[in-house]
Structure formats: structure tokens, C-alpha cells
Amino acid sequence: MKRKGMGLVGLFLLVAISFVAAANIPKDTLVLASNTEIFKTFDPGVCFEVEPSIYVKNIYANLVTLRVVNDAFTPVADLAEKWEQSQDGKVWTFYLRKGVKFANGDTVKASDVEYSYRRAIKLNKSPAWLFTDTLGLTEDSIKAVNDTTVTITTNGAPSNVVLSVLAANIGGVLNEKEVKAHETNGDMGLAWLTDHSAGAGPYVLKEWRRKTQIVLAENKNYYGDQPAIKTILMRDVPEASDRYLLLKKGDVDVAWQITVEQAASLRDTKGGDVSLVSTPAQSLEYVAVNASWGPFKDVRVRQAIKYAIDYDAIINKVREGFAIKNQQFLAIGYFGYKESNPFTRDVAKAKKLLADAGYANGFEVEIVTNESEVRRAQAVVVQSNLADLGIKSSIVIMQAAQMYDKYRNQSLQMIVAGWGIDYPDADALAKPFADYTVKQLAWRNAWIDDKAAAMASAAGKEINEQKRAQIYYDLVKYWQDNGPFAMLYQPIEYWGIRKEVKGYEKAFEGYNVHCDFTLISK
Amino acid sequence: MELGSFIIKRLSLMVLVIFGVLIIVFVVTRIIPADPVGAILGGNAPPETVDAMRHQLGLDKPIFAQLLDYLGGIFRGNLGNSLVSSRPVMTDIMEFLPATIELAISSIIFAVVLGIVLGLLSAVFRNRFIDHFSRVFSILGISLPGFWLGLILILIFYYRLGWLPSGGQYDMFLFPTRTTGFILLDAAIHGEWDVFFNGIKHLILPTFILGYSSTASIARIMRASMLDVLHQNYIRTARAKGLPRKVVILRHALKNALIPVITIIGLEFGGLLSGAVLTETIFSWPGLGRYIVNSLLTLDYPAISGGTIFIALIYSVVNLAVDILYAAVDPRMRS
């Protein structure tokens, strides 16, 4: 009897083990693997992280969107079929397409735009400063004139800045009626929109099971062409090795956040079932010194650091070639960008600059960076480069919470870090890197330079494009000579994809600024 | 001491322990020289935005006022809202705790069954092959890093052989009905047997990895305890009476040898709950361990406190249950 019981248990386990069909991914479904820990919300008025932004972009339609045209981000119509600007450049009038519907079938009206933008300002969450500081908007700045016309009164920011911000997540248009129906205690739908959607983009958020998977389904009421991929399923896979194995085995179509080594292996292996897609990331990596600390007060010491760093080693060894040499604050393809890479490793020149500044025997300094593997490796290269000048440095690894606290208080001596671009215009880079008055990177590194600040500020207001570009060229030169930053590179972002996935490269050519799942098919 | 008074005394101690944990967590998270708002908003946010959020979250209040708010909230059963997810911490915990408990229970069952069997056989067949095997198995279980072993097993059983899934609680195209949050229980309640069997298959590798080191500990304690018992006079007497060896071992020796093992099971279960983070990461398991570690990295005060309180509570309850069981089995423990 006992043996019979044991036999039954054995049979049960055998059935359990064999009861799983292999994952066959349907042709109209795209399965992605990523670490979804960064996902906090799908609310366009709140979401400000890179990867969640990619999802939000495909759920919500904006007045305008950005496309990559001739390698530059260009504003194109989305919900607004046309727009015009007042003579003083401050008042913008947008005319909506007629008959566009939200995913639930409600018609998109100008009042929805007014509600969405006012809501974002009122909520005052992470991205709100794009509206309030960059465009100078208040709740009264946005007015629905009639069902299809909306006016926005800005502070007179250049047109590229205005349209880029409106194309960002925060410009996603919500269905006012639906959001209001889901308000709790006057929260303007904040809790509900965390894991639901009310947009007019090509997809809707079908399910977010935290730490398990995120599912997007096609929006059958989308005004544009229906996408070939009807379902996008992102599996939460926190470990990079797992993501890579799932991809190689064919259980996912695309692996996000693979390691540099895995990416290099895919790039260097031709003809398999899996390949690599890459595009310039919307971020910059830099080394910065505190211009108010000891030796770094002297501009010659700052220049010596820039000549000491082995940029090629960092790009080719640490990043395995997944980086573009770019030694200015403007990203490639941005307004005003003109290639300018004046620094190469020159130890003799760096030593002379140090000696001229009175530091021929070097000094001791602390380099701070975060726990990212790439950042730590970059810090080690910099440490070794500085040693060649006689500068003894120690590396301190800090968690983000600790590092940003100290950085904001100007209490770091030297840092290896990165900067993600908030909107694709030169202003989003010139101000943080050169204008100390906005209290971002120039301030954190105590580079209190009125000339640079004035130039960055002037360029941010100049509506004559030629004059504006000239200010940026001059500012880049001045910043490279005097600033506290050694720009290491602009990273290249990459994904491992299965060979049956088509159109991924085009869909992601704008990375998080413009990514369009509707261009993907299998 | 009566069993009743013993339980009351232990319960009061438990309340004190939880209160102590509350205070320690509050103090430790506040004295770290770091700013959670900076971590939440990222590096780009201008100082005005940082200050506004700090005010919104009440982090600009004096620390004593924050402590009072915190304790007041907890006594009202409100753990506060997570700074990162903006959801009530209780909602977050209730979403992730079942997965951790499910994995911890399956791991402890695995560890107890295998650990006791290995320890018993090891003691009974001392210095024979099974004893050597059990000891090597135990040493490997304690010394091999779970992270490494997990990846190796995924490579073999998922990637090479294709027998087992690499991670997650169930396959991606299954959409199970949730009632309690426990996948297997919900699947059984709703008769979703495909999900049930799929869930078991997904449990195998994480259970082995999480339970392996506990198996090793239990096997070692069991072996030592059994060897000790086997040399006791009453065992000798039982044998002298002519009882069969099997009866002596299973009826007389095993029960007494199990007493110290009961204690270690309680401790091991607590360890499985709080130490599951690596297993949860390797096997993409949506549990509380990852939630707490992520909260630590972003210094999400309410989430750290809430998660720690829950782990402390479960740990205390399990150990209380073990102590009661122990006291029931051995009246000497009540004094």
C-alpha cells in the first residue's frame, strides 16, 4: 500500500515536471526581457526614468512628437496637425486633428490637453520643472480655445526647446473624463494612472504585475496605422546572465540591459540567431572636479586632468567600443553640435601644466563614483592615469542616495558620473554643464563662472537660430578650456535581438527620445 | 511554569523585540549621510524640485517629529507610502510577501525532509559511504555560493537540457487568477491545474538553491544529535530487550534526536525569509527580498521599515511557535 502511495507521488511529480509547453512566441507578440526595478509608474505627469519613458511614449500621444530626420531630432505633428507661434515667440496655438479618439473611444479635445498640462504642473512631480522652469508655464498658461484649438503661453524659449518639451512624456495627453472617473481623494488620478492608462497612443497598458511582467496591448482606436505587433510583453528578469540565456534560447525576442561583454560577443559573432542593435544613447559620461577645492581652483590643474585621461582606453576597453568620442556638452546631432575633441592623452603636457600650477609633485584626491560596474572601471582607469602625474587618488564607491546628497552640497572633490538628457535640445545640456545659476552640474562642481552662465542663458533665450548656434560654438570652446569637466564619451545603447525581429533598429534610433514600437514586426 | 504563562511571557517579549526593531530601523536609516529624495529624483533634478519633494514627504521636519509620525502611523496600522512607488507600503508588501513565503515554505520542507533523512542515515551508517556522502554534501551546501550555483543550474537544467524554466513563478503566457497571492494555492482554489503544475516546475530550482544550505545545517545537527542519542542508556536498554534495530532507531532514537533540530528549523526558516534576495534575483522571483534591497538602495524609509517589521514579525512568530513546540515536547524548557 505504502509503495503504491509512493508511486502515485512519483507520478504526480513527473506530470508536474513535464507539464510545460516550450514558449512559442506568436508572430504578433514581442517579448522583451529587462530588469523592471526602475519602473515606478506609467503616469506621463510623473514618469521620468529612461526605460519606463519608452513605454509611456507608446501609450500616450502628444501634441507633437520627435522623429530622427537626417540624424537630428525634428518635431513632427502628432495630435496637433499644425501649429503657429506669435510674433514675440511666446504664444503658441495648436490645432488638433479632428476625430482622434482615446483608447476607450472618447474623442480627444483641446480641454484634455489643458487638463493634462495643468495637472502635470499642479502635481509638481519629477518632470514638472520642464514645464515650469524651462518653458515658464503656470496653470493659466494653457487654454482650450475651442474643442480643437489650444494656446500655450511660454516664457519665449526657442521653438526647438518648446516643441521638444511638449514631445516629452510630460506632454502626453490624458483622457480627462476617464482620469477624473478614477480620482481618489482628489489625487487627480495619480494612484490609478500608476498602473493603468488613459491615452491615445498606439498601445494601452494591459497589465503590470510588479516584478513579474508588463503587458501592452494594441489600441484599436489609434488614429495611425495599426501596429504589426499586437502585444508587447516585458518579462522582469533582474539578472543579466538570465536575460542573455533566455535570448539565446529563443524564449524572449529582445534582451535589454545586457552587459558590455555580452554585447561585444554578439557584435563580434556574425550569422547566429541573435544579433546586436545599437544607437547613440541620450546621455554623456564625464569626470568632474570641484573647482573650489584645493589644486582644482587653478585652471591649469583642471586642464592637466583633461590631458591625463586615456579616453581611448576607456572607450575601447571599458566600453568595448560602445561609446562615441565626444568631448563637449552637446550630444551628437543636437542643435549647435559641431565635432570638437581637442583632448588626447599627453602626459608630458599634463605634467607641465601641473608644474606650472605649482603641483609638480602631485597631490592627493578622492574620486567618487557609484556602484555601476562601468563607472567603477572608468574610475580605475582615471586613477591610474592620474598616478602617472604623481596624483595619488583613492576611489570611493557610493550609493546614489549618498552620492547625490554630497554632490548637491558641493562636497565632492572629484566624480566619475553621467548625465541623462532631459529633452533633446542644446539648452538641456548647456545649462546644467555651464550655468551655475540653475544649480545643476556647474554648481555642484563649484564652477561659478559668470561668463559661461551668461552665454548658456543667452543661448537658451535666443530665437535667431544662427546667433544661437554661434553662442553654443563659443561656449563649447570656453567650457573646454576653463570648465571643471573632462567629457569622456557619449555612450552607445544596445540590445540583443532575435533574427526574426524586424525594424527594431528604426524603432529605437532615437532611443528614449523617440522609440516607436509600431515600426517593429516579426 | 504553566504552558499558558510561558506563551504570554514570550508574546510580551516578542512585542518588545518588534518595538526595538522599529526604533533601530528608524535611527539607522536617518543617521546615514544620504538623501532618499536625491536617489528618487535622480541626478538631474534641480534643487527646488528636490526641496519641494522633501517637503511633500515630510522629510524636512525635525527628526523627533518624524519619529512620532512614524510610530503614530504604525500604531494605527499604517506603514506609510513608499517614497519610490508612492503606493501604501502595506499594499507593496502584500503583493510581494506571498511569493517569498511560498518559496521559503517549499525550501524549508525540502531542507527538513532531506536534512533529517541525510542526518539520520549518516549517524546510523557512521563512517560508511552514505555518511561520507552526506558530510561532503553538507560542506558543499554551506560553502558553495548560492548565486554561482544558481547560475550553473540554470545553465544546465534550462539552457542545456531544457528541463526546467530559468525563472519566474509561472510561464509568461499564463495569466493566473489571484485571490490569496500564493500561486499554487490560488491555482488549486480555482482549479487552474496548468498553472499549478507550471508553478511547481518553476519552484524546483529556487527551492533547491534556497534550501540547500539549510539542508546542510539540518543534516549536520541531525547527525550529531542522533549519534548522541544512539549512545544513551535507554537505547542500549531497548536493544538489550531485543527490539529490532529499525524500531529502536525510528521509535526511540529519532523522536529524541529531533528535539534540537526543531530549534534549528525555526532559525533556518527565518533565514530563508530574510536571505532570499539572491535567489529571488537569480530566479526572477517577485518576492519581498528584492523589494527590501531595492528600498535600501534608494533609502525608501517607509518601505525599509515596513519590510523589516514584517520579516521581524514572521521571524518572531516562527521562533515563538518553535519555542512553544519545544516547551510542549520538553517541559524543562518552560522554567
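Residue numbers (the numbering used here), protein chains in the order written: chain Z, 102 to 623; chain A, 1006 to 1340. Where a beta carbon is used, it is the ideal one built from N, C-alpha and C, also for glycine.
{"query": "Could you give the C-beta distance for I406 of chain Z and Q591 of chain Z, rounded to a whole number, given that I count them as a contact under 8 Å?", "result": "I406 of chain Z to Q591 of chain Z, Cβ: 20 Å. No contact."}
{"query": "Looking only at its own chain, which residues have a Cβ that is under 6 Å from the Cβ of D528 of chain Z, when we skip the five neighbours before and after it?", "result": "V262, G561"}
{"query": "Does the distance from the C-beta atom of P1093 of chain A to that of K312 of chain Z stay below 8 Å?", "result": "no"}
{"query": "At 7 Å on the CB atoms, spell out the chain Z contacts of E1100 of chain A, in chain order.", "result": "R311"}
{"query": "According to the Cβ coordinates, are A204 of chain Z and N320 of chain Z closer than 8 Å?", "result": "yes"}
{"query": "Helix, strand or coil: how does DSSP classify M335 of chain Z here?", "result": "strand"}
{"query": "Please go through the same chain and pick out, in chain order, the residues whose beta-carbon is closer than 6 Å to the beta-carbon of F120 of chain Z, but skip the five residues on each side of it.", "result": "The predicted position of F120 of chain Z is uncertain, since its pLDDT is 46 and thus under 50; no value can be drawn from it."}
{"query": "Along the chain, where does the beta strand (DSSP E) containing M499 of chain Z start, and where does it finish?", "result": "Here M499 of chain Z belongs to no beta strand (DSSP E), and DSSP marks it neither H nor E."}
{"query": "Would you say G237 of chain Z and T252 of chain Z are within 8 Å of each other, going by their C-beta atoms?", "result": "no"}
{"query": "Using the Cβ count rule (16 or more neighbours within 10 Å means buried), how would you classify V274 of chain Z?", "result": "buried"}
{"query": "Could you name the residues of the same chain whose beta carbon sits closer than 7 Å to that of A122 of chain Z, not counting the 5 residues immediately before and after it, in chain order?", "result": "Interpretation of A122 of chain Z is limited by its pLDDT of 43, a score under 50 that renders its predicted location unreliable; no figure is taken from the coordinates."}
{"query": "Tell me, please, whether the segment 458-468 of chain Z touches the segment 1258-1267 of chain A by the rule of three or more beta-carbon pairs shorter than 8 Å.", "result": "no"}
{"query": "So, is A221 of chain Z buried or exposed, given that buried needs 16 or more other C-beta atoms within 10 angstroms?", "result": "buried"}
{"query": "In the structure shown, what three-state DSSP assignment does Y274 of chain Z receive?", "result": "With the sequence shown as reference, residue 274 of chain Z is identified as Val, and Tyr is not the correct amino acid for it. Here V274 of chain Z sits in coil by DSSP."}
{"query": "Can you tell me where the beta strand (DSSP E) with V177 of chain Z in it begins and where it stops?", "result": "173-178"}
{"query": "Pull up the distance between the alpha-carbon of P127 of chain Z and that of L1210 of chain A, whole angstroms please.", "result": "27 Å"}
{"query": "Taking CB distances under 8 Å as the criterion, tell me whether A1109 of chain A reaches chain Z.", "result": "no"}
{"query": "Output, in sequence order along the chain, the residues in the segment 1029-1042 of chain A whose CB is closer than 8 Å to any CB in chain Z.", "result": "I1037, P1038, A1039, D1040, P1041"}
{"query": "Who are the near neighbours of N613 of chain Z in its chain, counting only those whose CB is closer than 8 Å to its CB and skipping five residues on each side?", "result": "V151, E152, S154, I155, K158, Q383"}
{"query": "Provide the residue(s) that pair with Y652 of chain Z in DSSP beta bridges, ordered along the chain.", "result": "Since the first residue shown for chain Z is 102 and the last is 623, residue 652 of chain Z is missing from the structure and cannot be characterised."}
{"query": "Are A1281 of chain A and L1149 of chain A close, meaning C-beta to C-beta below 8 Å?", "result": "no"}
{"query": "Name the residues in the segment 1173-1184 of chain A whose C-beta lies less than 8 Å from a C-beta of chain Z; which are they?", "result": "G1173, Q1174, D1176, M1177, F1178, F1180"}
{"query": "Under the assumption that F618 of chain Z contacts Y304 of chain Z (Cβ atoms under 8 Å), give the Cβ distance between them as a whole number of angstroms.", "result": "7 Å"}
{"query": "Would you please verify whether the beta carbon of V1089 of chain A is less than 8 Å from any beta carbon of chain Z?", "result": "yes"}
{"query": "Along the segment 487-505 of chain Z, what residues have a CB closer than 7 Å to any CB found in chain A?", "result": "Q500, A501, A502, Q503, Y505"}
{"query": "Pull up the distance between the alpha-carbon of R368 of chain Z and that of I598 of chain Z, whole angstroms please.", "result": "11 Å"}
{"query": "Could you name the residues of chain A that K540 of chain Z contacts, counting a contact when the two beta carbons are closer than 7 Å?", "result": "P1051, P1052"}
{"query": "What are the uninterrupted segments assigned as beta strand (DSSP E) that are 3 or more residues long and contained completely in the segment 181-222 of chain Z, given in chain order?", "result": "181-186, 192-197"}
{"query": "Kindly say whether P1249 of chain A, judged by its beta-carbon, lies nearer than 8 Å to any beta-carbon of chain Z.", "result": "no"}
{"query": "When you check each C-beta in the segment 347-369 of chain Z against every C-beta of chain A, which residues fall closer than 9 Å?", "result": "L347, K349, K350, D352, V353"}
{"query": "Which same chain residues, not among the five before or five after A229 of chain Z, have their C-beta less than 8 Å away from its C-beta?", "result": "G146, A221, I222, I271"}
{"query": "Compute the distance between the beta-carbons of I564 of chain Z and M515 of chain Z, then report whether it is under 8 Å.", "result": "no"}
{"query": "Which residues, in order along the segment 325-348 of chain Z, keep a beta-carbon less than 7 Å from a beta-carbon of chain A?", "result": "L334, R336, D337, V338, P339, E340, S342, D343, L346, L347"}
{"query": "Could you work out which residues of chain A lie near N225 of chain Z, taking near to mean beta carbons separated by less than 7 Å?", "result": "A1057"}
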